[in-house]
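Here is the structure we will look at, set down as structure tokens.
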Amino acid sequence: MAGMLVSGGAIAGFVIGLLTGFFVRRARLCSFGAIEAALAGHDWRRMKVFGLALGIALAGTQALIAFGWLDPLRTTYVANKIPWLSTVIGSLGFGLGMALVGTCAFGSLIRLGGGDLRSLVTLMAFGSVAYATLRGSLSGLRLSVIEKVVVAAPGDDAGAASIWAVNLLGRPLGLALVFGLALLLVGLALLDRRLWRAPKLMTAGAVLGLGVVGGWLVTGVFVDEFATTMRVQSLTFVAPVARALFGAMIGGAEWVDFGVGTVVGVALGAFIAAKRAADFRLEAFDDAHEMLRHFGGAALMGLGGVLAGGCTIGQGLTAGSLMAFTWPISVLGILVGARLGILILVEGSLREVITSRLPAGWSRRP
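Next up, the structure:
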């Protein structure tokens, strides 16, 4: 019975991933591209699309919680101790690595579906470092040192702003505040006339948001917690990529869960979208320098994603839908790390970024 439930979760994850991968690839929506356009080009349209996704995910998830169908305490994002140091280090590292690669783990799966072999190498390096940080050679440092530095959530409540708001303001006002935030995020996208001329982008954002809600439904509502060991989860692409890579090497149906299903589904959905648009083509590294940059970025994303507890999707949307206290810390860290990565790519090195911003008259080594 448990095996059947796990298989059902994997199939549901595959379907959600398939739809997400198809619509995101069709719209050419990318989290790093959205960040780069906003920070470097002052174009916030794609960020508003991710805001639309977050607004839908937030409204749907909080509705599940309000009706008592989803217990946020059964997720890995909500706890009464906040691992702030791990979140800060991880999100900065993930953002920097994302800039060096040119996309995140989710974006790498989308690119892989379009024939980008660089993404295959990136995902292999990313998954290997992520698994080493989760359960391998780097896990001791993570568990014994970095994640030991925590701070208690306000009032020792569970670490989610939505729970804190309800406890502080009362249920009606607290819920009104939460759903008001969701409405604001959706409204910012809907009120942008330019996005009305980009229906593919808007559809991709909506599908992403609904995908997060779908994940909570599959793993947190539609299963019997006494009949399966399936962890309550939704869209994220750090641990699932690591599990998919490890499971592919050693085999065994026990590795195929909801998360692994989404990984396979996203890549296949992106492949279908690329083929339908006659946009599938094999691409490889231009030179050794580009390959090394991708390796370094993938390693930073793998390490950072585990320390931060998620990626741009896992923290930015999934943790955001729960209003976990780690969510704003992670999002800010990823933005800062990505901005630093963009500066490094433009200037050529971290040293050039620092020296070019020293006050006039300071001595600089050639």
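In our numbering, the protein residues as written are 348 to 713. Don't be surprised by glycine CBs; every beta carbon is placed ideally from N, CA and C. In this text the structure is predicted, and so the values were computed from the model without any measurement.
Report, in whole angstroms, the separation of the C-beta atoms of Gly460 and Ala635, which I expect to be a contact under 8 Å. Within the sequence shown, the letter at position 113 stands for residue 460. Within the sequence shown, the letter at position 288 stands for residue 635. No, Gly460 and Ala635 are not in contact; Cβ-Cβ is about 26 Å, not under 8 Å.
For Ile429, which beta-bridge partners are listed by DSSP? For the purposes of this step, residue 429 is identified with residue 82 of the sequence shown, where counting begins at 1. Bridge partners of Ile429: Val498.
Give the single residue among Leu557, Thr408, Ser433, Gly454 whose Cα lies nearest to the Cα of Leu588. The residue given as residue 588 occupies position 241 in the sequence shown. Correcting the residue type first, residue 588 is Val in the shown sequence and not Leu. Residue Gly454 is the option with its Cα nearest to Val588.
Given a cut-off of 8 Å on the beta-carbon distance, is the pair Gly656 and Tyr424 in contact? Counted from its first residue, the sequence shown places residue 656 at position 309. Counted from its first residue, the sequence shown places residue 424 at position 77. Taking 8 Å as the Cβ cut-off, Gly656 and Tyr424 qualify as a contacting pair.
Buried or exposed, going by whether 16 or more other CB atoms sit within 10 Å of the CB of Lys395? Taking the first residue of the sequence shown as position 1, residue 395 is located at position 48. Per the 10 Å Cβ criterion, buried.
Closest by CA to Val362, which one among Leu687, Gly680, Leu555? The residue you call residue 362 lines up with position 15 of the sequence shown. Nearest of Leu687, Gly680, Leu555 to Val362, Cα basis: Leu555.
Could you name each continuous alpha helix (DSSP H) segment of 4 residues or more that falls completely within the segment 359-428, going from the start of the chain to the end? 378-388, 392-413
Going straight from the alpha carbon of Ile510 to that of Leu456, what length do you get? By one-based count along the sequence shown, residue 510 stands at place 163. By one-based count along the sequence shown, residue 456 stands at place 109. Roughly 34 Å separates the two Cα atoms.
The alpha helix (DSSP H) with Arg578 in it runs from where to where? As a working note, residue 578 is residue 231 in the sequence shown. Where Arg578 is concerned, there is no enclosing alpha helix (DSSP H), given that its DSSP letter is neither H nor E.
Please specify which runs of the alpha helix (DSSP H), each continuous and at least 4 residues long, are wholly inside the segment 475-548, giving them in chain order. 486-491, 508-516, 518-537, 540-543
Going by DSSP in three states, Ala671 sits in which element: helix, strand or coil? The count along the sequence shown starts at 1 and reaches residue 671 at position 324. In this structure, Ala671 counts as strand in the three-state DSSP scheme.
Is it buried or exposed, Ile597, if we count other Cβ atoms within 10 angstroms and call 16 or more buried? In the sequence shown, the residue the question calls residue 597 occupies position 250. Ile597 comes out exposed.
What separation, rounded to the nearest whole angstrom, lies between the Cα atoms of Asp463 and Ser668? Numbered from 1 along the sequence shown, position 116 holds the residue referred to as residue 463. Numbered from 1 along the sequence shown, position 321 holds the residue referred to as residue 668. If you take the alpha carbons of Asp463 and Ser668, they lie about 31 Å apart.
Return the chain-ordered list of same chain residues with a C-beta closer than 6 Å to the C-beta of Ile619, the five sequence neighbours on each side being excluded. Working through the sequence shown from its first residue, we reach residue 619 at position 272. Closer than 6 Å at Cβ, skipping near neighbours: Phe369.
Can you check which of these residues, Leu470, Ala381, Thr550, Gly437, is closest to Val611 by C-alpha distance? Locating residue 611 in the sequence shown gives position 264, where the first residue counts as 1. Considering only alpha carbons, the answer is Leu470.
By a C-beta neighbour count over all protein chains shown, 10 Å radius and 16 as the cutoff for buried, is Ala357 buried or exposed? On the sequence shown, position 10 is the one that residue 357 refers to. The residue in question, Ala357, is buried, as its Cβ has 16 or more Cβ neighbours within 10 Å.
Alpha carbon to alpha carbon, what distance is there between Val371 and Leu629? For the purposes of this step, residue 629 is identified with residue 282 of the sequence shown, where counting begins at 1. For the purposes of this step, residue 371 is identified with residue 24 of the sequence shown, where counting begins at 1. In a straight line, the C-alpha of Leu629 is about 19 Å away from that of Val371.
Let me check understanding here. Comparing Cα to Cα, which of Thr550, Gly608, Val585, Val498 lies closest to Val565? Start at 1 with the first residue of the sequence shown, and residue 565 comes out as number 218. Among Thr550, Gly608, Val585, Val498, the Cα nearest to that of Val565 belongs to Gly608.
Val611, enclosing alpha helix (DSSP H) - first and last residue: Position 264 of the sequence shown holds residue 611. Where Val611 is concerned, the enclosing alpha helix (DSSP H) stretches over 605-623.
Quick one: what's got a C-beta closer than 8 Å to Leu467's C-beta in the same chain, skipping five residues either side? Looking up residue 467 in the sequence shown gives position 120. Closer than 8 Å at Cβ, skipping near neighbours: Leu459.
So which of Ala621, Leu647, Ala406 has the shortest CA-CA distance to Ala437? Position 90 of the sequence shown, counted from the start, is the residue given in the question as residue 437. Checking the sequence shown, residue 437 turns out to be Gly, not Ala. Cα-wise, what sits closest to Gly437 is Leu647.
Does the segment 396-405 come close enough to the segment 543-559 that 3 or more CB-CB pairs lie under 8 Å? yes
From Leu411 to Arg640, what distance separates their C-alpha atoms? Locating residue 411 in the sequence shown gives position 64, where the first residue counts as 1. Locating residue 640 in the sequence shown gives position 293, where the first residue counts as 1. In a straight line, the C-alpha of Leu411 is about 42 Å away from that of Arg640.
Whole-angstrom distance between Leu432 and Glu494, CA atom to CA atom: Counting from 1 along the sequence shown, the entry for residue 494 is found at position 147. Counting from 1 along the sequence shown, the entry for residue 432 is found at position 85. When rounded, the distance between both Cα atoms is 7 Å.
Proximal residues to Val585 (C-beta, below 7 Å), its chain only, five neighbours per side dropped: Stepping through the sequence shown from its first residue, residue 585 is reached at position 238. Taken in chain order, the residues that qualify are Ala452, Ala477, Gly652, Val653, Gly657, Cys658, Gly661.
In angstroms, rounded to a whole number, what distance separates the CA positions of Arg544 and Asn514? Residue 544 sits at position 197 when you count from the first residue of the sequence shown. Residue 514 sits at position 167 when you count from the first residue of the sequence shown. Rounded to whole angstroms, Arg544 to Asn514 spans 42 Å at the Cα level.
Proximal residues to Ala621 (C-beta, below 8 Å), its chain only, five neighbours per side dropped: Walking along the sequence shown from the start, residue 621 turns up at place 274. Taken in chain order, the residues that qualify are Arg372, Gly460, Gly461, Gly462, Phe627.
Return the residue from the list Ala359, Gly364, Gly360 that minimises the CA-CA distance to Val613. Translated into positions along the sequence shown, residue 613 becomes position 266. Answer by Cα proximity: Gly364.
Excluding the 5 residues preceding and the 5 following Leu538 in the sequence, name in chain order all residues of the same chain whose CB lies nearer than 7 Å to its CB. As a first step, residue 538 must be located in the sequence shown, where it is residue number 191. Closer than 7 Å at the Cβ level, and outside the excluded window around Leu538, lies no residue.
When the Cα of Met549 is compared with those of Ala359, Leu582, Thr367, which residue comes out closest? Position 202 of the sequence shown holds residue 549. Of Ala359, Leu582, Thr367, the residue nearest in Cα terms is Thr367.
Count the other C-beta atoms from every protein chain shown that fall within 10 angstroms of the C-beta of Ala499, then say buried if there are 16 or more, exposed otherwise. Against the sequence shown, residue 499 aligns to sequence position 152. Exposed.
What are the start and end residues of the alpha helix (DSSP H) that includes Leu459? Residue numbering aside, residue 459 sits at position 112 when the sequence shown is read from its first letter. First-last of the alpha helix (DSSP H) with Leu459: 452-460.
Exposure label - Leu481; buried when at least 16 CB within 10 Å: Sequence index remark: in the sequence shown, residue 481 carries index 134 (1-based). Buried: at least 16 other Cβ atoms inside 10 Å.
Express the C-alpha separation of Ala359 and Glu694 in angstroms, rounding to a whole number. Taking the first residue of the sequence shown as 1, we reach residue 694 at position 347. Taking the first residue of the sequence shown as 1, we reach residue 359 at position 12. When rounded, the distance between both Cα atoms is 45 Å.
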